[in-house]
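In our numbering, the protein residues as written are 31 to 187. Here is the structure we will look at, set down as C-alpha coordinates.
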Amino acid sequence: MSDDLIAAKGLSKRFWERKTMTQMSQDEWEALCDGCGKCCLNKLEDEDSGEVVLTNIACRLLDDSTCRCAQYDIRHQFVPECIVLMPRNIPEHLYWMPQTCAYRLVHEGRPLEDWHPLISGRADSVHAAGVSVKDKTVPEFEIDEDDWEEHVIEEPL
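Next comes the structure, spelled out in C-alpha coordinates:
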(Lines of atoms letter the chains of each structure in order from A and count residues from 1; the text may use other names and numbers.)
(Lines give C-alpha, C1' and ligand atoms only; values in the text may rest on other atoms or scores of the structure.)
Protein backbone atom coordinates (compact mmCIF):
# COMPACT_ATOMS: atom_id res chain seq x y z
CA MET A 1 0.00 0.00 0.00
CA SER A 2 1.45 3.39 -0.94
CA ASP A 3 1.98 6.09 1.67
CA ASP A 4 -0.95 8.17 0.44
CA LEU A 5 -3.55 5.45 0.92
CA ILE A 6 -5.51 5.24 4.12
CA ALA A 7 -4.33 2.37 6.28
CA ALA A 8 -7.63 0.64 6.92
CA LYS A 9 -6.11 -2.26 8.81
CA GLY A 10 -8.29 -3.05 11.76
CA LEU A 11 -11.17 -0.82 10.66
CA SER A 12 -14.39 -2.46 9.60
CA LYS A 13 -15.84 -1.40 6.26
CA ARG A 14 -18.09 1.68 6.49
CA PHE A 15 -18.06 1.45 10.30
CA TRP A 16 -19.48 4.98 10.63
CA GLU A 17 -22.73 3.81 9.02
CA ARG A 18 -23.20 0.88 11.38
CA LYS A 19 -21.88 2.17 14.70
CA THR A 20 -22.85 5.05 16.87
CA MET A 21 -20.07 7.44 17.74
CA THR A 22 -19.88 6.04 21.25
CA GLN A 23 -19.41 2.51 19.86
CA MET A 24 -16.41 3.48 17.74
CA SER A 25 -12.91 2.47 18.74
CA GLN A 26 -10.31 5.20 19.17
CA ASP A 27 -8.81 4.26 15.77
CA GLU A 28 -12.23 4.51 14.10
CA TRP A 29 -12.90 7.84 15.80
CA GLU A 30 -9.59 9.27 14.63
CA ALA A 31 -10.15 7.91 11.09
CA LEU A 32 -13.32 10.00 10.83
CA CYS A 33 -11.17 13.11 10.64
CA ASP A 34 -10.82 14.02 6.96
CA GLY A 35 -7.66 16.05 7.52
CA CYS A 36 -9.06 19.32 6.16
CA GLY A 37 -7.53 21.44 8.94
CA LYS A 38 -10.58 23.74 9.22
CA CYS A 39 -11.08 23.00 12.90
CA CYS A 40 -7.60 24.42 13.51
CA LEU A 41 -8.52 27.80 12.06
CA ASN A 42 -9.22 30.65 14.43
CA LYS A 43 -12.86 31.66 14.50
CA LEU A 44 -14.74 34.83 15.27
CA GLU A 45 -18.04 34.76 17.11
CA ASP A 46 -20.56 37.59 17.01
CA GLU A 47 -21.41 38.34 20.65
CA ASP A 48 -25.00 39.31 19.82
CA SER A 49 -26.05 36.68 17.29
CA GLY A 50 -23.67 33.86 18.24
CA GLU A 51 -22.77 33.45 14.56
CA VAL A 52 -19.32 31.93 14.08
CA VAL A 53 -17.15 32.56 11.02
CA LEU A 54 -13.85 31.05 10.02
CA THR A 55 -10.70 33.00 9.36
CA ASN A 56 -7.70 31.85 7.36
CA ILE A 57 -5.61 32.36 10.50
CA ALA A 58 -4.25 29.01 11.62
CA CYS A 59 -3.47 27.78 15.09
CA ARG A 60 0.23 28.06 15.80
CA LEU A 61 0.52 24.25 15.68
CA LEU A 62 -1.14 23.66 12.30
CA ASP A 63 1.24 22.51 9.59
CA ASP A 64 -0.20 24.36 6.60
CA SER A 65 1.35 21.95 4.10
CA THR A 66 -0.22 18.81 5.62
CA CYS A 67 -3.24 20.22 7.51
CA ARG A 68 -2.14 18.27 10.57
CA CYS A 69 -1.25 19.38 14.06
CA ALA A 70 2.52 19.48 14.43
CA GLN A 71 2.22 18.45 18.09
CA TYR A 72 -1.05 16.50 18.17
CA ASP A 73 -0.25 14.22 21.12
CA ILE A 74 0.99 17.06 23.33
CA ARG A 75 -0.96 19.99 21.83
CA HIS A 76 -2.54 21.00 25.13
CA GLN A 77 0.89 21.87 26.49
CA PHE A 78 1.06 24.61 23.84
CA VAL A 79 -2.63 25.37 23.24
CA PRO A 80 -4.55 24.60 26.45
CA GLU A 81 -7.84 25.76 24.89
CA CYS A 82 -7.63 23.22 22.03
CA ILE A 83 -10.87 21.28 22.04
CA VAL A 84 -10.81 17.49 22.11
CA LEU A 85 -13.84 16.29 20.20
CA MET A 86 -15.55 13.28 21.75
CA PRO A 87 -18.91 11.67 21.05
CA ARG A 88 -20.40 13.20 24.19
CA ASN A 89 -19.35 16.79 23.40
CA ILE A 90 -20.17 17.00 19.68
CA PRO A 91 -23.60 18.62 20.31
CA GLU A 92 -22.09 21.52 22.26
CA HIS A 93 -19.53 22.18 19.52
CA LEU A 94 -21.74 21.87 16.42
CA TYR A 95 -22.20 25.63 16.24
CA TRP A 96 -18.57 26.19 15.20
CA MET A 97 -17.72 22.94 13.43
CA PRO A 98 -17.08 23.19 9.68
CA GLN A 99 -20.05 22.30 7.48
CA THR A 100 -18.15 19.46 5.81
CA CYS A 101 -16.69 17.98 9.02
CA ALA A 102 -17.19 14.21 9.15
CA TYR A 103 -17.90 14.32 12.88
CA ARG A 104 -20.71 16.77 12.19
CA LEU A 105 -22.04 14.79 9.22
CA VAL A 106 -22.08 11.48 11.10
CA HIS A 107 -23.66 13.10 14.16
CA GLU A 108 -26.39 14.54 11.93
CA GLY A 109 -26.94 11.19 10.17
CA ARG A 110 -25.64 12.45 6.82
CA PRO A 111 -23.24 10.61 4.50
CA LEU A 112 -19.56 11.38 4.22
CA GLU A 113 -18.47 13.39 1.20
CA ASP A 114 -17.08 11.48 -1.81
CA TRP A 115 -13.70 13.12 -1.23
CA HIS A 116 -13.46 11.88 2.36
CA PRO A 117 -10.42 9.58 2.69
CA LEU A 118 -12.59 6.77 4.11
CA ILE A 119 -14.66 6.88 0.90
CA SER A 120 -11.93 7.65 -1.63
CA GLY A 121 -9.23 5.48 -0.06
CA ARG A 122 -6.72 8.30 -0.49
CA ALA A 123 -5.44 10.56 2.28
CA ASP A 124 -4.87 13.39 -0.19
CA SER A 125 -8.38 13.37 -1.67
CA VAL A 126 -9.49 16.13 0.71
CA HIS A 127 -6.73 18.35 -0.69
CA ALA A 128 -7.35 17.35 -4.30
CA ALA A 129 -11.02 18.29 -3.86
CA GLY A 130 -9.97 21.76 -2.72
CA VAL A 131 -11.85 21.57 0.59
CA SER A 132 -8.86 21.63 2.90
CA VAL A 133 -6.92 24.64 4.12
CA LYS A 134 -3.68 23.32 2.64
CA ASP A 135 -1.44 26.25 1.69
CA LYS A 136 -4.30 28.71 2.37
CA THR A 137 -3.54 29.92 5.89
CA VAL A 138 -1.49 32.50 7.73
CA PRO A 139 0.03 31.78 11.15
CA GLU A 140 -1.77 33.39 14.10
CA PHE A 141 1.43 34.98 15.40
CA GLU A 142 1.72 37.05 12.18
CA ILE A 143 -1.70 38.75 12.49
CA ASP A 144 -2.71 41.22 15.17
CA GLU A 145 -5.96 40.10 16.77
CA ASP A 146 -7.52 43.50 15.91
CA ASP A 147 -7.07 42.60 12.22
CA TRP A 148 -8.67 39.13 12.29
CA GLU A 149 -11.91 40.39 10.70
CA GLU A 150 -9.92 41.10 7.54
CA HIS A 151 -9.17 37.36 7.32
CA VAL A 152 -12.72 35.95 7.37
CA ILE A 153 -13.30 33.22 4.78
CA GLU A 154 -16.47 31.66 3.42
CA GLU A 155 -17.35 28.09 4.28
CA PRO A 156 -17.39 25.63 2.67
CA LEU A 157 -14.09 26.20 0.91
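Beta carbons: idealized from backbone N, C-alpha and C, even for Gly.
query                                                                                                                                                             : result
Where are the beta strand (DSSP E) runs, 3 residues long or more, that stay fully inside the segment 67–100, in chain order?                                      : 71–75 and 82–88
My assumption, with CB atoms under 8 Å, is that V163 sits in contact with L71. Please give the rounded CB distance.                                               : 6 Å
Where does G65 land, buried or exposed, given buried means 16+ other C-beta within 10 angstroms?                                                                  : buried
For D165, which residues from the same chain have a beta carbon less than 7 Å from its beta carbon, with the 5 sequence-adjacent residues on both sides left out? : D94 and S95
With distances taken between CB atoms, is the gap from E170 to R98 smaller than 8 Å?                                                                              : no
In chain order, what residues of the same chain lie with their CB nearer than 6 Å to the CB of A37, ignoring the 5 residues before and after it?                  : With a pLDDT of only 47 at A37, under 50, the local geometry of the prediction cannot be trusted, and the value read off the model is given with reservation. If we look at A37 and ignore the five residues flanking it on each side, it has no Cβ neighbours.
With a Cβ-Cβ cutoff of 8 Å, do T85 and H157 count as a contact?                                                                                                   : no
Can you list, in chain order, the residues of its chain whose CB lies under 8 Å from that of C131, leaving out five sequence neighbours each side?                : D64, C66, K68 and C69
Regarding E143 and the ligand FMN, is the C-beta to nearest heavy atom distance less than 7 Å?                                                                    : As far as ligands go, the structure on display features none, and thus does not contain the ligand FMN.
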